[in-house]
Structures are given as C-alpha cells and as structure tokens.
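Structure first, then comments.
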Amino acid sequence: MDISASGPLLSRYEIDQVKPPESPIEAKMLDLLMGGLNLGFKATFAAADTWQDAVAMLRAEPETFSRNRMCVFPQVTVDRYRADMLVAFADRLIDRGDAWDAWNGFDLVFIECDGEEFHGEDSGRLRADRDRERAIKAATGLDLLRFSGAEISFFPDQVGEVISIYLESFAVARRFARLRLEHAMEVHDYARSETQDMVPETPAVILRARVAARDLAGLPWGCREYQTQLGQGNLAAMRKAAEAMRVWAEDATLDCPACPA
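Quick note: the sequence shown, position 165, residue 165 per full-length UniProt numbering, numbers continuous.
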C-alpha cells in the first residue's frame with residue numbers, strides 16, 4: 001500500500017467513514033477503548049487490511065495517529081487469521097518530522113473478544129482458538145489480551161483497568177528509556193542518531209506489571225471472574241504490581257554505562 005499517495009489518513013479512516021465492528025461484543029470493546037480507559041485520553045478508530053498495513057500507516061503519519069495517543073484497528077489480517085483488534089499506543093504526541101526511532105513510536109497489542117464462553121479444556125473451539133492465538137503471536141511478536149463477552153458486558157471497568165495497566169507499562173518504560181537517551185545527548189554529547197542502540201532493557205518492576213495484566217487477560221474465565229474470591233485475588237495482584245511500578249517510576253535512577261563508576 002502506498003501510504004504517501006493515499007491522501008490525508010483521517011479523511012479515509014476516521015470512524016464516521018468506516019463501519020465499526022458488527023459484533024455486539026466487539027462494538028462494546030471499541031466503545032470501551034474509545035472512552036478513554038483509565039489513561040485519561042480517548043482512542044481514535046482506523047481501518048487497515050493487515051497488521052503490516054497498520055504499522056505502515058503509523059510510520060507514515062505518526063503525528064496524526066499519536067494525537068489521540070491510541071488508535072484501534074479492528075479486524076486486521078495476520079497470515080490466514082483475522083484478529084479482532086490491533087491497538088496502537090503512543091505515550092506522547094510525536095511531532096511533525098520526527099522519525100519512528102528509539103525516542104518515538106507506537107506499542108502494539110492485539111485484543112480478542114470472545115462472544116461466548118469456552119466449554120471445558122477439551123473443547124474443539126478452545127484448541128482452535130489457542131492455535132490461532134499462537135499463530136498470531138508467532139507471526140507478529142505481539143501480545144494478545146483476551147476478554148470474554150461477559151467480562152466486557154458486565155465488568156467493563158475491570159477490563160479497562162487490565163488494558164490500561166498493560167499500556168501504562170509501556171509508557172513508563174518509554175519515559176525511562178528517554179532518560180537514558182537525553183542523558184547521552186546532554187552529558188556525553190551523543191547525536192540523536194547515535195542513541196538508537198542505547199535503549200536500556202525494560203526494568204523488572206515494569207515487566208512484572210505488564211506480565212500481570214497480560215496473564216490476567218489470558219487466564220481461563222473461572223480464574224479471572226472478577227466477583228469471585230480467586231478473581232479478586234488475581235486482580236489485587238495486578239494492582240499491587242502496577243502500584244510498585246508507579247512508585248519505582250517516581251524515584252527511578254539512571255544507570256548510565258558511559259558514566260564512570
């Protein structure tokens with residue numbers, strides 16, 4: 001797809017001109033995402049045939065899509081499968097002319113909406129769905145957050161919290177990485193182009209919050225059913241990991257490999 005020749009993206013892809021998902025559960029999830037979650041900003045709606053096309057759009061027009069911080073692409077093709085939604089998240093506005101590089105970019109995650117419950121570990125549908133999930137993750141390297149229709153319909157606040165904490169972990173990681181990059185430029189006189197290989201590994205405290213949210217979305221329904229004691233425990237564990245991440249971020253110190261010990 002030649003993005004540069006396609007004209008202004010939002011004139012073609014904004015929600016007023018592209019039909020939203022027809023599935024009631026997917027429509028509810030889209031409403032939840034566009035309502036702002038717990039992140040304080042709303043998503044925009046877009047359309048792409050494949051996840052590669054979606055990435056190409058984001059790279060071609062980062063300022064356009066980062067203005068809303070979050071962009072939702074429903075029903076994108078990955079190999080021979082279709083994913084319910086691809087969510088692209090930017091933690092800040094990417095200024096015009098900025099490159100997609102270590103300083104800027106979008107973090108991507110797939111979201112699946114299950115319209116009815118699975119019926120036991122041996123169900124053919126469960127096996128087929130897990131095979132599909134593994135194929136999508138193998139082809140893209142992206143995580144996949146899965147939610148049932150009951151969760152989306154009756155517990156939207158908790159679903160939104162899981163998605164918000166997952167995305168928040170990327171925002172915290174990017175802010176921490178920029179400390180390293182800004183330090184390299186200001187203290188060690190690196191050029192921006194020289195900082196591209198200096199992004200630090202994601203700290204463990206951030207990964208724990210991210211994994212807690214991702215794993216909660218991937219648990220069997222009985223383990224995450226939010227009104228049960230087990231579900232409340234799993235939710236509390238995720239919240240504890242998220243709070244630890246936030247506390248760490250307030251006082252995070254930069255470990256610069258170029259500075260003398």
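C-beta atoms are modelled at their ideal positions from N, C-alpha and C, and glycine is treated no differently.
Could you spell out where the beta strand (DSSP E) holding D49 opens and where it closes?
-> Here residue 49 refers to the residue found at position 49 of the sequence shown. Note, D49: premise wrong, no beta strand (DSSP E); not H, not E.
Nearest-angstrom Cα separation, counted from F73 out to I3 | Indexing the sequence shown from 1 puts residue 3 at position 3. Indexing the sequence shown from 1 puts residue 73 at position 73. Its pLDDT being 35, under 50, I3 is placed unreliably in this model, and the coordinates cannot settle the point.
For Q196, does the three-state DSSP call read helix, strand or coil?
-> By 1-based counting over the sequence shown, the position of residue 196 is 196. In the structure shown, Q196 sits in coil (DSSP, three-state: anything other than H, G, I, E or B).
So, helix, strand or coil for L179, using DSSP?
-> By one-based count along the sequence shown, residue 179 stands at place 179. Here L179 sits in helix by DSSP.
Residues of its chain near P21, where Cβ-Cβ distance is below 7 Å and the 5 sequence neighbours each way are ignored = For the purposes of this step, residue 21 is identified with residue 21 of the sequence shown, where counting begins at 1. Cβ neighbours of P21 beyond the five flanking positions: A27, L30, P74 and Q75.
D95 versus T228 - alpha carbon distance = As a first step, residue 95 must be located in the sequence shown, where it is residue number 95. As a first step, residue 228 must be located in the sequence shown, where it is residue number 228. When rounded, the distance between both Cα atoms is 45 Å.
Among the residues of its own chain, which have a CB less than 7 Å from the CB of L37, if the five just before and after it don't count?
-> Your numbering for residue 37 matches position 37 in the sequence shown. Around L37: G160, I163 and S164.
Local conformation of S23 per DSSP, three classes = Within the sequence shown, residue 23 is the residue found at index 23, counting from 1. Correct three-state label for S23: coil.
Reduced DSSP category for R67 - H, G, I as helix; E, B as strand; rest coil = Translated into the one-based positions of the sequence shown, residue 67 becomes position 67. In the structure shown, R67 sits in coil (DSSP, three-state: anything other than H, G, I, E or B).
Using the rule of at least 16 other Cβ atoms within 10 Å of the residue's Cβ for burial, across every protein chain shown, is S169 buried or exposed?
-> Translated into positions along the sequence shown, residue 169 becomes position 169. Buried: at least 16 other Cβ atoms inside 10 Å.
Output yes or no for whether 8 Å exceeds the beta carbon distance between W103 and L179.
-> For the purposes of this step, residue 103 is identified with residue 103 of the sequence shown, where counting begins at 1. For the purposes of this step, residue 179 is identified with residue 179 of the sequence shown, where counting begins at 1. Contact: no.
Would you kindly check if the distance between the Cβ of D91 and the Cβ of P62 is under 8 Å?
-> As a position in the sequence shown, residue 62 is number 62, starting the count at 1. As a position in the sequence shown, residue 91 is number 91, starting the count at 1. Against a cut-off of 8 Å, the Cβ pair of D91 and P62 comes out as no contact.
Confirm, please, whether the CB-CB distance from F106 to N68 is below 8 Å.
-> For the purposes of this step, residue 68 is taken as residue 68 along the sequence shown, with counting starting at 1. For the purposes of this step, residue 106 is taken as residue 106 along the sequence shown, with counting starting at 1. Contact annotation: N68 and F106 have beta-carbon atoms that are not nearer than 8 Å.
So what does DSSP say about I136, is it helix, strand or coil?
-> Against the sequence shown, residue 136 aligns to sequence position 136. In the structure shown, I136 sits in a helix (DSSP, three-state: H, G or I).
Of the residues D215, D157, A212 and C259, which one's Cα is nearest the Cα of V187?
-> Position 187 of the sequence shown, counted from the first residue, corresponds to residue 187. Checked all of D215, D157, A212 and C259; the closest Cα to V187 is C259.
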